[in-house]
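Asks: Handing you this structure, nothing more for now.
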Amino acid sequence: MNPDDSFPFSYDCCQLCPRRCRVNRRHSQGFCRSGVNPKVARAALHHWEEPAISGLNGSGAVFFSGCSLGCCFCQNHQISQEGFGQEVTCQELGHIFLRLQAQGAHNINLVTATHYLPSVTEALKLVRPALSIPVVYNCGGYEDPQIIEALKPYVNIWLPDLKYSDPALSFRYSRAGDYFSWASRAITQMIRQTGEPVFDDKGVMMSGVIIRHMVLPGARQDSIRLLQWLAQTLPRSQYYISLLSQYTPSHLGSGTGTFPELNRGVTSYEYEKVVDTAVELGLTNGYTQKKSSAKEEYTPPFDLEGVTH
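Residue numbers (the working numbering): 1 to 309.
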């Protein structure tokens, strides 16, 4: 990374996500309900990511508050929608990264950082000479390809969700009818930038793309359409997939009456049909989950660990 490079997007007329609110975040808030100082809810070793991310020691997960997508079923709703967290400066954020590295983290895992990117990239620049582990960009997939391209000097591993292909579903659950249009192009750009995944001698990913998809109750046909798109569009050796069964109906935005179809877990039949389709399509580089993963305890406690001293 050239230390003179600057991230070419700012808070002044915010266009960091596809919603492009164009507000001056120094004076007001857009869809993400965030200001300009990063708000962090937890920064600690995290052992519940994919094996290639968590490794033996854990991933250095930094959970940012707020979100530019706002899914009604978000299992991290306490931070994504309720705004829990503590503001930090760029210097403090950089120190958080270095502390996680000193604790043995295999990587710095930026969880939902899109709306704070000018600050996050500045923090990464400040500590880059001392940071020797990869940076993971863990996001909901609703990203602008131009932002992905601008992050090339900062990010080694991309961990995006690919949530929906159906605009009606993405509008109903995330108020983003254009989700697939953006996510498909963003993920294509991520793969273009990283190429074939690279792992160390212990199987921990050093660079590459893992595309996550969580199967939702009643939406297995949409999941199958996404898998078909992956198989038909993207070079198979250039990414891994992670099929998640962990959907937990612990929080449904404004209430279960609004989304009654989501007020249950995913059945074994639904999930296995999606996994079977992936195998039939040859999408075998990746990960599946056991049904036991659908538990609230897999969501970490947001208690400011690693943020306050």
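All C-beta atoms, glycine included, are put in the ideal place defined by N, C-alpha and C.
Going by CA-CA distance only, name the one from Asn285, Tyr247, Thr277, Val279 that's closest to Thr299.
Replies: Nearest of Asn285, Tyr247, Thr277, Val279 to Thr299, Cα basis: Tyr247.
Asks: Look at the alpha carbon of Ala113 and the alpha carbon of Pro153, and state the distance between them as a whole number of angstroms.
Replies: Between Ala113 and Pro153, the C-alpha separation is close to 16 Å.
Asks: Would you kindly report the start and end of the unbroken alpha helix (DSSP H) that includes Lys125?
Replies: Note, Lys125: alpha helix (DSSP H), 117-127.
Asks: Determine which residues share a DSSP beta bridge with His106 and list them.
Replies: Bridge partners of His106: none, in fact.
Asks: If you drop the 5 nearest sequence neighbours on each side, which residues of the same chain put their C-beta closer than 6 Å to that of Val136?
Replies: Closer than 6 Å at the Cβ level, and outside the excluded window around Val136, lie Asn107, Asn109, Ile157, Leu159.
Asks: As an exercise, report each continuous alpha helix (DSSP H) stretch of at least 4 residues that is fully enclosed by the region 205-242, in chain order.
Replies: Qualifying alpha helix (DSSP H) stretches, in chain order: 220-233.
Asks: Quick check on the DSSP output: the alpha helix (DSSP H) that includes Phe64 runs from which residue to which?
Replies: Phe64 -> not in any alpha helix (DSSP H); beta strand (DSSP E) instead, spanning 59-64.
Asks: Can you name, in chain order, every residue of its own chain whose Cβ lies under 6 Å from the Cβ of Tyr271, other than the five neighbours on each side?
Replies: Val215, Ser245.
Asks: With Pro310 and Ala150 assumed to form a contact (beta carbons below 8 Å), what rounded beta-carbon distance in angstroms separates them?
Replies: The structure shown does not extend to residue 310, since the chain spans only 1 to 309, so no value can be given for it.
Asks: Candidates Gly265, Leu45, Leu16: which alpha carbon is nearest Val120's?
Replies: The shortest Cα separation from Val120 among Gly265, Leu45, Leu16 belongs to Leu16.
Asks: So the beta strand (DSSP E) Ile157 belongs to, where does it begin and stop?
Replies: Start and end: 157-160.
Asks: Along the chain, where does the alpha helix (DSSP H) that runs through Ala186 open and close?
Replies: 179-194 is the extent of the alpha helix (DSSP H) around Ala186.
Asks: In its own chain, which residues sit with a C-beta less than 8 Å from the C-beta of Trp229, not counting the 5 before and 5 after it?
Replies: Closer than 8 Å at Cβ, skipping near neighbours: Ser165, Ser184.
Asks: Assign Gln189 to one of two classes, buried (16 or more other C-beta atoms within 10 Å of its C-beta) or exposed (fewer than that).
Replies: Its Cβ being crowded by 16 or more others within 10 Å, Gln189 is buried.
Asks: DSSP beta-bridge partners for Asn138?
Replies: Beta-bridge pairing links Asn138 to Val111, Leu159.
Asks: Use the C-beta contact count for Tyr269: other C-beta atoms within 10 angstroms, 16 or more gives buried, fewer gives exposed.
Replies: Exposed, since its Cβ has fewer than 16 Cβ neighbours within 10 Å.
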